[in-house]
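Visitor: Here the sequence shown is numbered in this note's numbering, starting from 29 and rising by one per residue.
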Amino acid sequence: MRKSGGQPFVYRETYVFFVNSIAFDGNTVKNTPLGGSESAVIYMAKELHQLGKKVFVFTRTDEPGNYDGVEYCRLQQFTYFVQRNIIDVFISVRNIDIFDVPIHARLKLLWMHDAHDQPHVQALLGNKYLNKIDRIITVSKWQTEQFKKQFGIPEEKFFVTRNGVNKRYFKKYGKKRPKRLVYTSTPFRGLELLLECF
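#1: Can you find the residues in the same chain that come closer than 8 Å, C-beta to C-beta, to Arg190, ignoring five residues on each side of it along the sequence?
#2: In whole angstroms, what separates the C-alpha of Gly97 from that of Glu75?
#3: Given the structure, does Asn55 come close to the ligand HEM, in the sense that its CB is under 6 Å from one of the ligand's heavy atoms?
#4: Check whether the region 102-117 touches the region 83-92, counting contact only when three or more Cβ pairs, one atom from each stretch, lie closer than 8 Å.
#5: Does DSSP put Phe106 in a helix, a strand or coil?
#6: If you reduce the DSSP assignment to three classes, tell me which class Ser120 lands in.
#7: According to DSSP, is Ala68 helix, strand or coil?
#8: For Lys136, which residues in the same chain have their Cβ closer than 6 Å to its Cβ, ignoring the five residues on either side in sequence?
#9: Going by alpha carbons, who is nearest to Tyr197 out of Phe187, Val210 and Val129?
#10: Does DSSP classify Leu137 as helix, strand or coil?
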């Protein structure tokens, strides 16, 4: 139990994120450029904590600790943690093979930000992992359709959402140059097609 604004409350659920990518922690997004997937985890974890959830993020952190109420832990501690804890919601970000580890969670989610043709996504071929995952979170209808076609995954396995944008970061640009175009993805995700359109 902890206090928030003078009112005590009990954590209602435990959320665990697993992110085996670049090194980051809860402060990274404040101090240095960071990928969209990692940034999404930081902001999502912080919001979940503010909703009263107990949140852990296992990642390649050089500075483990509590950031904005979220516990950032080293990847090496993950197996030990899941062997000794029942998790309400487990979310693996892009990492499919982590489902080889026995994870005691009431809901197991795979949050995918990449297209179906990326090498690490090919692990979804066959049924090795699909039975261990409750839902695959995708970030567009197009991505979902490609996953269904490429891997034969049924519609009910998907939850389609979007990555959010914090509009306050863009307020100062909209007033001075209202017709500015911002390309926010990596070049290999379609920049050459955009240039051809122009």
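All residues carry an ideal CB built from backbone N, CA and C; glycine is no exception.
Guide: So, from the listed chains and residues:
#1: Val167 and Ser168.
#2: Rounded to the nearest angstrom, the gap between the Cα atoms of Gly97 and Glu75 is 10 Å.
#3: Of ligands this structure carries none, so the ligand HEM is not represented either.
#4: With the cut-off at 8 Å, the region 102-117 and the region 83-92 touch.
#5: Secondary structure at Phe106: helix, using DSSP grouped into helix, strand and coil.
#6: In this structure, Ser120 counts as strand in the three-state DSSP scheme.
#7: Shown here, Ala68 sits in a helix according to DSSP, grouped into three states.
#8: Excluding positions up to five away in sequence, the list reads Phe118, Ile161 and Asp162.
#9: Of the listed residues, the one whose Cα sits closest to Tyr197 is Val210.
#10: Looking at Leu137 - three-state DSSP - the assignment turns out to be strand.
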